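Visitor: Can you keep this structure in mind? I'll have questions shortly.
2 protein chains.
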Amino acid sequence: MVKQIEGGVTAPKGFKAACCAAGIKYVGRTDMAMVFSEKPCVSAGTFTSNVVKAACVQWDKKLVDSGEALHAVVVNSGIANACTGQEGWDACDATAVAASEALNIPAGSVAVASTGVIGMQLPVDKLTAGVKTMSTTLSDSLQAGTDASKAIMTTDTINKEIAVTFELEGKTVTLGGMSKGSGMIHPNMCTMLGFLTTDLAIEKSLLQEALSAVILDTFNMITVDGDTSTNDTLLIMANGEAGNVVIAEHGPAYDLFYEALFTVCRYLARRMAGDGEGATKLFEAKVVNASSKEDARTLSRAIVGSNLSKAAIYGCDANFGRFLCAMGYSGAQFDQNDVELFFESAAGRLQVFDHGTPLAFDEDLAVKILQAPEVTVFVDMHEGSEEAVAWGCDLTYDYVKINADYRS
Amino acid sequence: MVKQIEGGVTAPKGFKAACCAAGIKYVGRTDMAMVFSEKPCVSAGTFTSNVVKAACVQWDKKLVDSGEALHAVVVNSGIANACTGQEGWDACDATAVAASEALNIPAGSVAVASTGVIGMQLPVDKLTAGVKTMSTTLSDSLQAGTDASKAIMTTDTINKEIAVTFELEGKTVTLGGMSKGSGMIHPNMCTMLGFLTTDLAIEKSLLQEALSAVILDTFNMITVDGDTSTNDTLLIMANGEAGNVVIAEHGPAYDLFYEALFTVCRYLARRMAGDGEGATKLFEAKVVNASSKEDARTLSRAIVGSNLSKAAIYGCDANFGRFLCAMGYSGAQFDQNDVELFFESAAGRLQVFDHGTPLAFDEDLAVKILQAPEVTVFVDMHEGSEEAVAWGCDLTYDYVKINADYRS
């Protein structure tokens, strides 16, 4: 059984974190974070599918692919280190070298990640000074994990962290994570910065397999604005300190870990969607009885991805035609005469479309349902047995405000 | 030589138009339009690729495919007649029958089109009464064409019409058109209501070939919000009254008509993009030296389609990383180290990105360029010789305002 506990990346045994205000771009707040395990970690990662990859994404991808042990991740917010040419790569290298010297670990065991403005160079002096500072303040306290999760925020309004435990052969295994992401969020591979830590002992290939599978129904199912970032990175570090027998094959132990990983990623993904730039509510689409899993995912993502749907959710307008329209251009094939569509929230449930025909419905109840902080569009396709859930947020004046002047 | 003249759908010989206030949904404005040619017309059309097709789209597609002559188009604004089941189809039929009786033409020669709220039934009595009224007020005056182009507007703030002429074998051929579209606009097949009239004599298959080719670089290259409508329809009627020898094969006459058609469609498409819901400016992306035509189209469409790019254009923020990011997730493959990116407008031209490296640039000049009413992002891919242009608009508070409460 997977159980949620307090904390984030420092909840698992042997993981420390730190953060600092390095003055990279923001004033009066922390903007660098570090996660560290003295014991070498097996790692896995998923990265943006954007052709324009940030320097740090290229750095981490190379590192994870190399199979070398991972000891530390250094993250900065404010500047994305994307579209920065050779100078951007050199900044990654300088960061890793600084961490290597300060922590007495190989430079090749240091992952780096950045988030913020694209097309601006990182101030390398401030970056390496920050690394040195953090190396002296690393702590395994839960607070250190929480502080790290705050330092990596950009336009996020809340930090995102979670930790869960489960029992394996009488040993307690812990899995913790933090993520950030509010704008430039759209499902494709994974869409954010996310860092997961676990004291589980597991083989690298199985760790990667679990991570790659879990994101399909978690991070890949969220969207804020349809823009797939240049920097999306999800890393997991497993240091084996729980003392379980190394998971080397599929079976009950793998399944239990998979469930824990799913719980953590789903939680972080939902938190990111609900904290989308300018959002006032979490907007969920659940599609059931689709003819294939891929169709279910495509349809639910199209619903939460449509600007018109998002604006209707913001305005509490039960304009269900927009959801059907989005499903129609999603790429999935279906017959509108099979479809039923409902609005759901804590305030109630209301059917508005029944097998091709619009229903007369109670507008007051519709508004009440749509005013809730978490709103679901539930669609029964009646064409198969597959289902999927996608998460987004409403489109508001504040989204435009934030993004009409983000850089300066 | 193709020459622009005054007028719209009534500019070509033998075409009449009318409109009326049928009271379908709007109050105090016209909401129905009719275009009529006593002489039977060869027709061609392109329709939405959305799986959820409005009843009228299915009606018109059947009509155009049948090869029967076309005499009239009846359009209403306010209600889209989409997601309306059998009752929606019956409304199309009743409209065509009413026009057939009033104009003494076959019901199978009447196209119908609707635009407005999805999932609401049309009031058939008002619709057929409107048809009767318009049948008695048809006029070939230019004003009648203009009035028709106003009656089909929904959230549009300006009407869109144009007419051009060219000489063929000593005969003057005229081509006119009108279109509407402001929200739920995204290139896929064609994305709007558009009605073109011409007195050219041409074979049906060539008319369809020209129309299908021209939309690829005109209507299919615009986007307002990424939402491909359920109702997109572009129809052309050719009645042959110019008296030219019927165009039956490729050659100089076809090429001249093609140029005229391109001019008309490009004009209407640009007008629609610049009048996107809530827009304050026209946002153009020109991509040159791409490795394929399809890549050039994909890249330019991604730039004008990105919410983040659109918000930056609204805020006059030269945040060029967002444009590169959008190119990166577009699906086109390229190397960022080949790319140059410029901002252009009547106020000047400014390079901001050079072969993978961001350039220091004059921020004041950038703001000046981006404040113009028509702004271009110019991208040189340096990977081939193909180019494309796409048009969109900025993302503003007003877009959210309009769409948070459009239905009620």
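Going down the list, the protein sequences come from chains A and B. If you read the first sequence in this note's numbering, its first letter stands for residue 12, the second for the next number, and so on. If you read the second sequence in this note's numbering, its first letter stands for residue 12, the second for the next number, and so on. We put the beta carbon where it would ideally sit given N, CA and C, even for glycine. Just so it is clear, the structure is predicted and the values come from calculations on it, not from any experiment.
Is B/Arg277 helix, strand or coil by DSSP?
Guide: If DSSP states are grouped into helix, strand and coil, B/Arg277 belongs with the helices.
Visitor: When DSSP labels each residue in this structure, what does A/Glu305 get in the three-state scheme?
Guide: helix
Visitor: Can the beta-carbon of B/Gly188 be found less than 8 Å from the beta-carbon of B/Leu81?
Guide: Judged by beta-carbon spacing, B/Leu81 lies beyond the 8 Å limit of B/Gly188, meaning their Cβ atoms are not closer than that value.
Visitor: When every heavy atom of the ligand FAD is checked, does at least one fall within less than 7 Å of the C-beta of A/Glu397?
Guide: As far as ligands go, the structure on display features none, and thus does not contain the ligand FAD.
Visitor: Check each candidate in A/Ala383, A/Gly19 and A/Lys171 and name the one with the smallest Cα separation from A/Gly422.
Guide: One cannot answer for residue 422 of chain A here, as it falls past the ends of chain A, which runs 12 to 419.
Visitor: If B/Phe354 sits next to B/Leu381, beta carbons under 8 Å apart, how far is it from one beta carbon to the other, in whole angstroms?
Guide: 6 Å
Visitor: Which class does A/Leu376 belong to by DSSP, given the choice of helix, strand or coil?
Guide: helix
Visitor: For B/Glu374, count neighbouring C-beta atoms within 10 Å of its own C-beta (all shown protein chains included) and say buried if the count is 16 or more, exposed if not.
Guide: exposed
Visitor: Relative to the alpha-carbon of A/Asn300, which residue among A/His393, A/Leu352, A/Gly251 and A/Met248 has its alpha-carbon at the smallest distance?
Guide: A/His393
Visitor: By DSSP, does A/Leu370 sit in helix, in strand, or in coil?
Guide: coil
Visitor: Which class does B/Lys292 belong to by DSSP, given the choice of helix, strand or coil?
Guide: coil
Visitor: Return the Cβ separation of A/Ala343 and A/Leu272 in integer angstroms, given the expectation that the two are a contact with Cβ distance under 8 Å.
Guide: By a beta-carbon distance limit of 8 Å, A/Ala343 does not contact A/Leu272. Their separation comes to about 28 Å.
Visitor: Taking its Cβ as the centre, do 16 or more other Cβ atoms sit within 10 Å of B/Gly141, making it buried, or is it exposed?
Guide: B/Gly141 is buried by the Cβ-count criterion.
Visitor: Contact defined as beta carbons within less than 8 Å: I believe A/Gly420 pairs with B/Ile129. What is the distance between those atoms, to the nearest angstrom?
Guide: Because chain A is modelled from 12 through 419, residue 420 of chain A falls outside the range shown and cannot be assessed.
Visitor: For the region 386-400 of chain B against the region 296-315 of chain B, are there 3 or more C-beta pairs whose distance is under 8 Å?
Guide: yes
Visitor: Residues of chain B with CB under 9 Å from A/Phe345, in chain order?
Guide: For A/Phe345, the neighbours in chain B by C-beta distance under 9 Å run, in chain order, Val62 and Val63.
Visitor: How about A/Ala28 and A/Thr41: are their beta carbons less than 8 Å apart?
Guide: no
Visitor: Ordered along the chain, which non-local residues of its own chain (more than five positions away) have a Cβ less than 6 Å from that of B/Gln347?
Guide: If we look at B/Gln347 and ignore the five residues flanking it on each side, its Cβ neighbours are Gly367.
Visitor: If we cut at 8 Å on Cβ distances, does B/Gly192 have a partner in chain A?
Guide: no
Visitor: Between B/Asp266, B/Asp286 and B/Arg308, which lies nearest to B/Cys404 when the distance is taken from Cα to Cα?
Guide: B/Asp286
Visitor: Apart from the five residues just before and just after B/Leu319, which ones in its own chain have a Cβ nearer than 7 Å to its Cβ?
Guide: If we look at B/Leu319 and ignore the five residues flanking it on each side, its Cβ neighbours are Arg333.
Visitor: Within the region 230-271 of chain A, note down every full beta strand (DSSP E) run reaching 3 residues or more, in order along the chain.
Guide: Restricting attention to beta strand (DSSP E) runs no shorter than 3 residues, the region 230-271 of chain A encloses them at 244-249, ordered along the chain.
Visitor: Do you know how far the Cα of B/Thr309 is from the Cα of A/Thr21?
Guide: 44 Å
Visitor: On a Cα-Cα basis, can you pick out the residue from B/Val75, B/Ser146, B/Asp76 and B/Thr95 that is closest to B/Val108?
Guide: That would be B/Ser146, whose Cα lies nearest to the Cα of B/Val108.
Visitor: Between the Cα of A/Gly156 and those of A/Asp167, A/Ala415, A/Val257 and A/Gly18, spot the shortest distance and give me the residue it belongs to.
Guide: A/Gly18
Visitor: For the structure I just gave you, are there three or more beta carbon pairs, one from the region 132-139 of chain A and one from the region 168-184 of chain A, closer than 8 Å?
Guide: By the C-beta criterion, the region 132-139 of chain A is judged not to be in contact with the region 168-184 of chain A, since fewer than 3 inter-stretch pairs fall below 8 Å.
Visitor: With 8 Å set as the bound, which would you pick, yes or no: does the beta-carbon of B/Met283 sit closer than that to a beta-carbon of chain A?
Guide: no
Visitor: Using the Cα positions of B/Ala415 and B/Cys276, report the straight-line distance between them to the nearest angstrom.
Guide: 30 Å
Visitor: Give a yes or no on whether the C-beta atoms belonging to A/Ala7 and A/Ala83 are separated by under 8 Å.
Guide: Lying before the first or after the last residue shown, residue 7 of chain A is absent from chain A, which here runs from 12 to 419.
Visitor: Return no unless some Cβ of chain A is closer than 8 Å to the Cβ of B/Ala21.
Guide: As written in the sequence, residue 21 of chain B is Thr, which differs from the Ala given in the question. Cβ-Cβ to chain A under 8 Å: no for B/Thr21.
Visitor: Relative to the C-alpha of A/Ala91, which residue among A/Lys64, A/Lys73, A/Lys72 and A/Asn115 is closest?
Guide: Out of A/Lys64, A/Lys73, A/Lys72 and A/Asn115, A/Lys64 has the C-alpha closest to the C-alpha of A/Ala91.
Visitor: Quick check on the burial criterion: 16 or more other C-beta atoms within 10 angstroms. Buried or exposed for A/Leu370?
Guide: exposed
Visitor: Pick from A/Val75, A/Thr209, A/Asp101 and A/Leu74: whose alpha carbon is nearest that of A/Thr176?
Guide: A/Thr209
Visitor: Could you list which residues in chain B have their beta carbon closer than 7 Å to that of A/Ile380, in chain order?
Guide: Here the premise fails: no neighbours, minimum Cβ distance about 15 Å.
Visitor: Shorter than 8 Å from the beta carbon of A/Ile129 to some beta carbon of chain B?
Guide: Taking Cβ atoms only, chain B reaches closer than 8 Å to A/Ile129, which makes this a yes.
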